[in-house]
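So the structure is just underneath, and the comments pick up after that.
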Amino acid sequence: MNKVTTLGLAFLLIFSGCLGFGEDDTAEKEEKDTVEPVGENDLEGLENDVNLLTSRLDAEEAKLALLETRINGITDSPDALEVLGCREDEIARYTGDEWVCSEDTDTTLNNDEVWNIVSDDFDNVNIELETAWNSIDTLWDDLGHIQNDMWNTTDELYDEMNEVHYAIDELNNTIWYIGYEIDDLNSQVDDIWDAIYD
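Each residue of the sequence shown is one higher than the one before, starting from 207 at the first, in our numbering.
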């Protein structure tokens, strides 16, 4: 659809109300629907709108053409691939924009190569397990040392408590003995006073 046809259709649609009324229109409706004359400014505005719509239509047509080109580009029909003319040691590869010929690289791994990769993974896992076991053994050793220290500390505390208890018993005995000596001394003093008064 060219611009002239588009412009003609736009004018036809815009002014179709000015061509006449339907059968059931009344005189009252005629007065309401009377179209005022269109000024030069209104025509320029309409022309700008038509130009804008036309440019949008052109842009959409360009997008459609680009999409069709891309769809045609990604087709894997024998014709499209034969046009490339790839050699025996090349394969057809799509880059996202077009088909190109690329070197056919053999990416298949043999058993030894697969085992090398897998065995490396096994070795790494084995090393990590051994490290974990060593860490656990170290933790157990540390716990054993802590337990021994606690037991030693407990034994030392018991020994100190026994020594203190023994010292307290000794002090009690000493205090009892001093009390006994004081009582004996008081008895002797009383005997002296009795002798004086007699």
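Quick reminder that beta carbons are idealized off the backbone N, C-alpha and C, glycines included.
Rounded to the nearest angstrom, what separates residue i and residue j at their Cα positions?
i, j, result
"ASN330", "GLU336", "10 Å"
"GLU250", "ALA268", "27 Å"
"THR275", "ARG293", "25 Å"
"GLU362", "THR344", "27 Å"
"THR360", "GLU369", "14 Å"
"ASN257", "GLU266", "14 Å"
"ASN387", "THR380", "According to the sequence provided, residue 387 is Glu. The question's Asn does not apply to it. Roughly 10 Å separates the two Cα atoms."
"ILE402", "ASP396", "10 Å"
"THR260", "ASN254", "10 Å"
"LEU252", "ASP264", "18 Å"
"TRP357", "GLY350", "10 Å"
"ASN340", "ASP347", "10 Å"
"GLU376", "ASP355", "31 Å"
"HIS371", "LEU391", "30 Å"
"ALA373", "GLU334", "58 Å"
"THR311", "VAL289", "22 Å"
"GLY228", "LEU273", "Residue confidence for GLY228 is low, a pLDDT of 46 falling below 50, so the modelled location carries little weight; the figure read from the coordinates is stated next. C-alpha separation (whole angstroms): 45 Å."
"TRP305", "ILE342", "58 Å"
"MET320", "CYS307", "For the record, residue 320 in the displayed sequence is Val; it is not Met. C-alpha separation (whole angstroms): 29 Å."
"ASP295", "ASN322", "28 Å"
Give a yes or no on whether the minimum CB-CB distance between residue i and chain C is below 8 Å.
i, result
"ASN322", "Here there is only one protein chain, and chain C is not present."
The stretch 313-321 touching the stretch 297-305, judged by at least three CB pairs closer than 8 Å: Flag = no, the stretch 313-321 and the stretch 297-305 do not touch.
Beta strand (DSSP E) segments (min. 3 residues) lying fully within the stretch 281-346: With a minimum length of 3 residues, the continuous beta strand (DSSP E) runs that stay inside the stretch 281-346 are 296-300, 305-309.
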